[in-house]
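2 protein chains.
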Amino acid sequence: MDDELPGSFGTSASLSLRLGQAIFSSASLLFMSLCVEFYNYTAFCYLVTVMGLVIPWSFTLALVDGYSVIVGCPLRQPGILLIIIIGDWVLSILSLAAACATASVIIFLLEIGGAYCPPKFCSRYQLSAAMAFLSWFLSAASSLFNLWLLPSL
Amino acid sequence: MDDELPGSFGTSASLSLRLGQAIFSSASLLFMSLCVEFYNYTAFCYLVTVMGLVIPWSFTLALVDGYSVIVGCPLRQPGILLIIIIGDWVLSILSLAAACATASVIIFLLEIGGAYCPPKFCSRYQLSAAMAFLSWFLSAASSLFNLWLLPSL
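Note that the protein sequences, when read in sequence, are chains A and B. All residue numbers for the first sequence refer to the UniProt record's numbering, where the first residue is 1 and numbers rise by one. All residue numbers for the second sequence refer to the UniProt record's numbering, where the first residue is 1 and numbers rise by one.
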């Protein structure tokens, strides 16, 4: 596998990207869910929903990547790779949308201040949005690496 | 030019995509700027900034596309195409972020209601966010069509 593009499906770099996505999206979900008031805001509910989609997707692909690395025989069929690229692309758009929506609502809450945003909750919301941005970045990287690999199959 | 992918750089489909981007982003900017209160909210200022970047980019590329269609000799160099793809990609991410941030603040304003969101302004903000989403969609389409063309050069 030394002639492979690092980061494409079935390599150890891809495994670490997937694990990073799963960890950051779980952290984002946890930071948001630990604040019991998140369901008051549409944007926060949307973030929780999207992260709930990203976690199983990344975790499943991390398992497949781990299996490919151990067995040494990556699963390289154009159809499967195309499904993975499209899935990554859709999930990265949804993650970016959720992260931006959450961040803008947090900035707005900080601007109007007062009763809407107790400091204890606001810092958790901010951490959650930052984790969502990191998760988006890794999803977009996975999607681009796989897209780069597609024409060579 | 009948062997060209419709929508890639230098075709008439690309010209209409670029014109659509310029029209929708101008409409988004106008609907937002006509509300004199937009600078109170960070997300709305961000939307105006991003749309101010998208308008000259789309307009310049629309001119180049129009010239290519009239002359019948599209400018097809991998370096130029790569710059256009990266520019489109960055601007489409920024547009999506701005549109989501604006939409989530509008939804939040509608939820808390009252003095923060007079109906006359809120409908304009909504139209502006919708136009920004349309502009994002066309930018992403341009970027994908050009990316598809790149390996064949």
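Beta carbons: idealized from backbone N, C-alpha and C, even for Gly.
Which residue marks the beginning of the alpha helix (DSSP H) containing residue i, and which one marks its end?
i      : result
B/T11  : That residue, B/T11, is in no alpha helix (DSSP H); it is neither H nor E in DSSP.
A/G79  : 78 to 112
B/C122 : 119 to 149
A/A66  : In the sequence on display, residue 66 of chain A carries Gly and not Ala. Run containing A/G66: 42 to 71, per the alpha helix (DSSP H) assignment.
Among residues of its own chain, excluding the 5 on either side of residue i, which ones have a beta-carbon nearer than 7 Å to its beta-carbon?
i      : result
A/A103 : A129
B/W57  : G87, L91
A/Q126 : I106
B/C122 : I106, L109, L110
A/V48  : L29, M32, S33, F38
For chain B, find out if any of its Cβ atoms is closer than 8 Å to the Cβ of residue i; answer yes or no.
i      : result
A/Y41  : yes
A/V105 : yes
A/C100 : yes
A/F108 : yes
A/P151 : yes
A/I93  : yes
Kindly say whether residue i, judged by its beta-carbon, lies nearer than 8 Å to any beta-carbon of chain A.
i      : result
B/D2   : Residue placement at B/D2 is poorly supported in this model, since its pLDDT is 44, which falls under 50; the coordinates still yield a value, given next. It does not: the Cβ of B/D2 has no partner Cβ on chain A nearer than 8 Å.
B/E37  : no
B/L96  : yes
B/F145 : no
Does the Cβ-Cβ distance between residue i and residue j come in under 8 Å?
i      : j      : result
A/L15  : A/G66  : yes
A/A98  : B/F108 : no
B/L61  : B/I83  : no
B/A141 : B/G7   : yes
A/F31  : A/M131 : yes
A/V54  : A/S152 : no
B/N40  : B/L81  : no
B/I23  : A/L96  : no
How close, in whole Å, do the beta carbons of residue i and residue j come, if the pair is a contact with beta carbons under 8 Å?
i                      : j      : result
B/R124                 : B/L34  : 6 Å
residue 156 of chain B : B/Q21  : Because chain B is modelled from 1 through 153, residue 156 of chain B falls outside the range shown and cannot be assessed.
B/A101                 : A/C100 : 5 Å
A/L5                   : A/W148 : 6 Å
Using a Cβ-Cβ cutoff of less than 8 Å, which residues in the same chain neighbour residue i once the five nearest sequence positions on both sides are dropped?
i     : result
A/L75 : F9, G10, V64, S68
Can you give me the Cβ contacts of residue i inside the same chain, cut-off strictly under 6 Å, excluding the 5 residues immediately before and after it?
i     : result
A/C45 : Y39
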